[in-house]
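All you need for the numbering used here is the position in the sequence shown, starting with 1, plus 1163.
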Amino acid sequence: MYATPLDLPDFEEEVVTEAHVRYLEPRGLGGKAAIITLDNGYDHTKPSSFGPGGLKNLWYALDEVEAAEDVKLVAVTGKPFIFLAGADIKLMPSLESREQGLMLAQAGHALYKRLKDSAVPTFAFINGVALGGGFELALHCHYRTVSTTANGLGLPEVSIGLIPGWGGSQILPNLIGIEKAAQVIVGNPLNQNKMLRGTDLVPLGIADAQFEGADFLEESLEWAVKVVSGETTVERPEVDRSVWPAVMAGARQLVDEKVHNASAAAVRALDLLELAQTATFEEGSIAEDEALADLEAAPQFQSSIYAFNLVRALGKRPEGAPSPGLAKEIGKVGVVGAGLMAGQIALMFARRLEVPVVMTDLDEERARKGLEYVRAEIDKLEAKGRTSKLKAAKLRALVSASADKSVYADCDLVIEAVFEELGVKQAVFAEIEPIIGDECLLVTNTSGLSVTAMGSKLARPERLVGMHFFNPVAVMPLVEVIATDKTDDETLATAYAVAKKLKKTAVGSADRPAFIVNRLLGRMLAEVTGAVDAGTPIEVADVALDELGLPMRPFALLELVGLRVAWHLCQHLNEDLGPRFPASQNLRRMAEADFPVFDASAKGKGRLTAEAKGLIELGGEASSAEEVKERVLKGLAEEVRFMLDEGVVPSPKQVDLAMIMGAGFPFWLGGLTPYLDREGISTAVSGSPFAAKA
1164 MYATPLDLPD FEEEVVTEAH VRYLEPRGLG GKAAIITLDN GYDHTKPSSF GPGGLKNLWY
1224 ALDEVEAAED VKLVAVTGKP FIFLAGADIK LMPSLESREQ GLMLAQAGHA LYKRLKDSAV
1284 PTFAFINGVA LGGGFELALH CHYRTVSTTA NGLGLPEVSI GLIPGWGGSQ ILPNLIGIEK
1344 AAQVIVGNPL NQNKMLRGTD LVPLGIADAQ FEGADFLEES LEWAVKVVSG ETTVERPEVD
1404 RSVWPAVMAG ARQLVDEKVH NASAAAVRAL DLLELAQTAT FEEGSIAEDE ALADLEAAPQ
1464 FQSSIYAFNL VRALGKRPEG APSPGLAKEI GKVGVVGAGL MAGQIALMFA RRLEVPVVMT
1524 DLDEERARKG LEYVRAEIDK LEAKGRTSKL KAAKLRALVS ASADKSVYAD CDLVIEAVFE
1584 ELGVKQAVFA EIEPIIGDEC LLVTNTSGLS VTAMGSKLAR PERLVGMHFF NPVAVMPLVE
1644 VIATDKTDDE TLATAYAVAK KLKKTAVGSA DRPAFIVNRL LGRMLAEVTG AVDAGTPIEV
1704 ADVALDELGL PMRPFALLEL VGLRVAWHLC QHLNEDLGPR FPASQNLRRM AEADFPVFDA
1764 SAKGKGRLTA EAKGLIELGG EASSAEEVKE RVLKGLAEEV RFMLDEGVVP SPKQVDLAMI
1824 MGAGFPFWLG GLTPYLDREG ISTAVSGSPF AAKA
């Protein structure tokens, strides 16, 4: 039996999305337009989604429309700012068996097929967020319009251990071509779950027309009438089927390089995309059903639910943050420094807060170069359509630079982004404090130095807080917020409020060496380099963690961070935390080398040059890749336990959130501490699982 929505069981916890039908008789249509609006009864902060109840409601709405007389077109849209956020992920754990998962997959296909096979032209008016099953609903309609202001569009399923299971893997490649489809379905989810914007859909060939947000529904309906009447013709180019094998080979190589095939969902999605070249839609739908049912019942998706809920809950309300009502308003920002990191920070504050931002450096030449970098980045945003001409002009006007630090006198927040040396940062704050006003916040972007020590010579250390942004600033979603014992609640609340306005996920950390992410990454690298120092070949140690699907192998991470920076961090951790962070002499030799250490022809892959390999001195105790992996995982479990005991974070959840958002720890592993619990590592190291402390 092939299930329909009417065969699905109901779930009491479902927030049911209604499907409201209204009929209009627009001029020129010669009949009725049936407009179906999906709405769960809440505002845009709680997006509409589909569980069994929502699927049934759209089924009944289509029954009503089919029974109505003189309907010339059917259009589906959503409540303000939201089209449909896909299947209700919260309900997935309620599925009692693979059979129920299969029924849910089939029901979605059965429902959407009615839009695809409708004798009356069907339209999707994508007015806002359209994710997963919502995006696939739009794909099944004969025509699509999109609002230029829409955000949060795409097929993110692979990032949480699933595949687009309601037609996306079959329709999209045959609509826009395999190369672009593979990017949307696999590439984007594995690239920090990158979303599409409304303005992306027409150039990609996904939408047929775009309209401004203010009159979007009216203009979409007017356009739909023209399509139905024949006044407007929609032409879609044939996709190039000859490139399918080559693109698929490249996509499989990408998944291998990106996550080392550790994501079962990514591999399954590629299989479905390959099938889409030759399969009928019905054959592809059956394959999607089976794949979705398999993955829903598999450990990776079950683990993803924890990560998904964690990011949603703590991302909105950070653990340990003071009341948002204590936060101060920020009207002007100062950035000390005009280098690469400072420039990224300055642009981010200008874009998100839309307030004046002033940069300084040691002299006018350095300050000018910093400003030129920011303006060049604004030019790129404008050229790529990421910002309007008017907004770009405004951003250029907001950011300025000077060698005179008196420009900080009227700032509400000043953040330093200078060289990572305690003495340098102390000198910066000593120079700035007499200039700024009494209510101005001082912020350090240190990646691991003591914030307390930085504030030790301040007259008012209570207004100093750490906000550690990760590089590249515009891309990485995490900011670690570090309070000292003297940081007051107003300062801390303002730091969290600013992070939210910057669209960052804030995680609080006590003022301990390297905070959360860098401390754990430092321990991971310490164990890997320690294995190499003991005698394990780099080629073995570097691939030992591949089955986790981390975004970078250890030596690629060293290449990205920079060997001098890594050695600097290694020294500090060794001094502050002792012998479990050994100062690797192999790392020192590479950091001090006066020749290229990494092969430029394999940039980003952490491959050493032949000359650099000559620097490596191996001991006599080589380990296997499995032994290195066990060593690293035990080291991480030990370090997390130390961090909890020291009060670096209040719970394991903070560690998991920080590693997911700051280190790219895959959703499908469910967070670092649940993974260590499942593997039995945490119990082996300290006698109990981390879940006991949650």
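Beta carbons: idealized from backbone N, C-alpha and C, even for Gly.
| query | Under the three-state reduction of DSSP, which class applies to residue 1535: helix, strand or coil? | reply | helix
| query | For residue 1390, does the count of other Cβ atoms within 10 angstroms reach 16, so buried, or fall short, so exposed? | reply | Buried: at least 16 other Cβ atoms inside 10 Å.
| Looking at C-beta atoms only, is the number of pairs between the stretch 1425 to 1438 and the stretch 1324 to 1337 that lie closer than 8 Å three or more? | Cβ pair count under 8 Å is three or more, so yes.
| request: For the alpha helix (DSSP H) containing residue 1791, list its first residue and its last residue. | output: 1788 to 1809
| Where residue 1176 falls: helix, strand or coil (DSSP) | coil
| said: My assumption, with CB atoms under 8 Å, is that residue 1294 sits in contact with residue 1317. Please give the rounded CB distance. | reply: 6 Å
| Close Cβ partners of residue 1446 (< 8 Å) along its chain, the five nearest in sequence each way excluded | 1438
| said: Less than 9 Å between the C-beta atoms of residue 1428 and residue 1465, yes or no? | reply: When the beta-carbon positions are compared, residue 1428 and residue 1465 stay at least 9 Å from each other.
| Every unbroken alpha helix (DSSP H) within the stretch 1257 to 1299, with a cutoff of 4 residues, ordered by chain | With a minimum length of 4 residues, the continuous alpha helix (DSSP H) runs that stay inside the stretch 1257 to 1299 are 1261 to 1279.
| said: List, from N- to C-terminal side, the alpha helix (DSSP H) runs of 4 residues or more that fit wholly inside the stretch 1569 to 1619. | reply: 1585 to 1595 and 1614 to 1618
| said: Using a Cβ-Cβ cutoff of less than 8 Å, which residues in the same chain neighbour residue 1565 once the five nearest sequence positions on both sides are dropped? | reply: So the list reads 1521, 1522, 1523, 1527 and 1530, once near-sequence residues are dropped.
| Looking only at C-alpha atoms, which of 1441, 1314, 1420 and 1412 sits nearest to residue 1375? | The residue with the shortest Cα to Cα distance from residue 1375 is 1314.
| field | Cβ-based burial, residue 1420 [other Cβ within 10 Å; buried from 16] | value | Note on residue 1420: under 16 other CB atoms within 10 angstroms of its CB, so exposed under the neighbour-count rule.
| message | Please report the distance separating the alpha-carbon of residue 1837 from that of residue 1571. | response | 45 Å
| task | Quickly, what does DSSP pair residue 1202 with across the bridge? List them, please. | result | 1181
| query | Under three-state DSSP, which class holds residue 1399? | reply | coil
| message | With three or more C-beta pairs closer than 8 Å as the rule, is the stretch 1665 to 1680 touching the stretch 1787 to 1799? | response | Touching, no.
| Length of the line joining the Cα atoms of residue 1222 and residue 1253 | Approximately 22 Å between the Cα atoms of the pair.
| query | In terms of residues, what are the limits of the beta strand (DSSP E) holding residue 1630? | reply | 1627 to 1632
| said: For the beta strand (DSSP E) containing residue 1858, name the first residue and the last one. | reply: Shown here, the chain extends from 1164 to 1857; a query on residue 1858 therefore has no answer.
| task | Round the Cβ separation of residue 1168 and residue 1270 to the nearest angstrom and send it over; I've been treating them as touching at under 8 Å. | result | With a beta-carbon spacing of about 5 Å, residue 1168 and residue 1270 fall inside the 8 Å limit used to define contacts.
| query | Using CA coordinates, which residue listed in 1787, 1819, 1561 and 1217 is at the minimum distance from residue 1497? | reply | 1561
| When the Cβ atoms of the stretch 1630 to 1645 are set against those of the stretch 1786 to 1794, are three or more pairs found closer than 8 Å? | no
| request: Give the secondary structure of residue 1242 by DSSP, where H, G and I count as helix, E and B as strand, and everything else as coil. | output: coil
| query | What residues in its chain sit with their C-beta under 8 Å from that of residue 1689, if we drop five residues either side in the sequence? | reply | 1733, 1736, 1743, 1744, 1745, 1747 and 1798
| Option nearest residue 1631 by Cα separation, candidates 1546, 1750 and 1504 | 1504
| said: Under DSSP, the beta strand (DSSP E) around residue 1716 begins and ends at which residues? | reply: Note, residue 1716: premise wrong, no beta strand (DSSP E); not H, not E.
| Less than 9 Å separating the beta-carbons of residue 1686 and residue 1780? | Contact flag unset, no.
| Enclosing beta strand (DSSP E) for residue 1309 [first to last residue] | Bounds of the beta strand (DSSP E) holding residue 1309 are 1306 to 1310.
| message | I need the straight-line Cα distance from residue 1618 to residue 1588, nearest angstrom please. | response | 10 Å
| said: Would residue 1778 and residue 1753 be called neighbours here (beta carbons separated by less than 9 Å)? | reply: yes
| task | Return the chain-ordered list of same chain residues with a C-beta closer than 6 Å to the C-beta of residue 1368, the five sequence neighbours on each side being excluded. | result | 1339
| From residue 1582 to residue 1612, what distance separates their C-alpha atoms? | 11 Å
| task | Flag this pair as touching only if the stretch 1541 to 1556 and the stretch 1469 to 1481 have three or more C-beta atom pairs under 8 Å; answer yes or no. | result | no
| Exposed or buried, what is residue 1273 when buried is set at 16 or more other beta-carbons lying within 10 Å of its beta-carbon? | Buried.
| field | Strand pairing of residue 1359, partner residues [DSSP] | value | 1316
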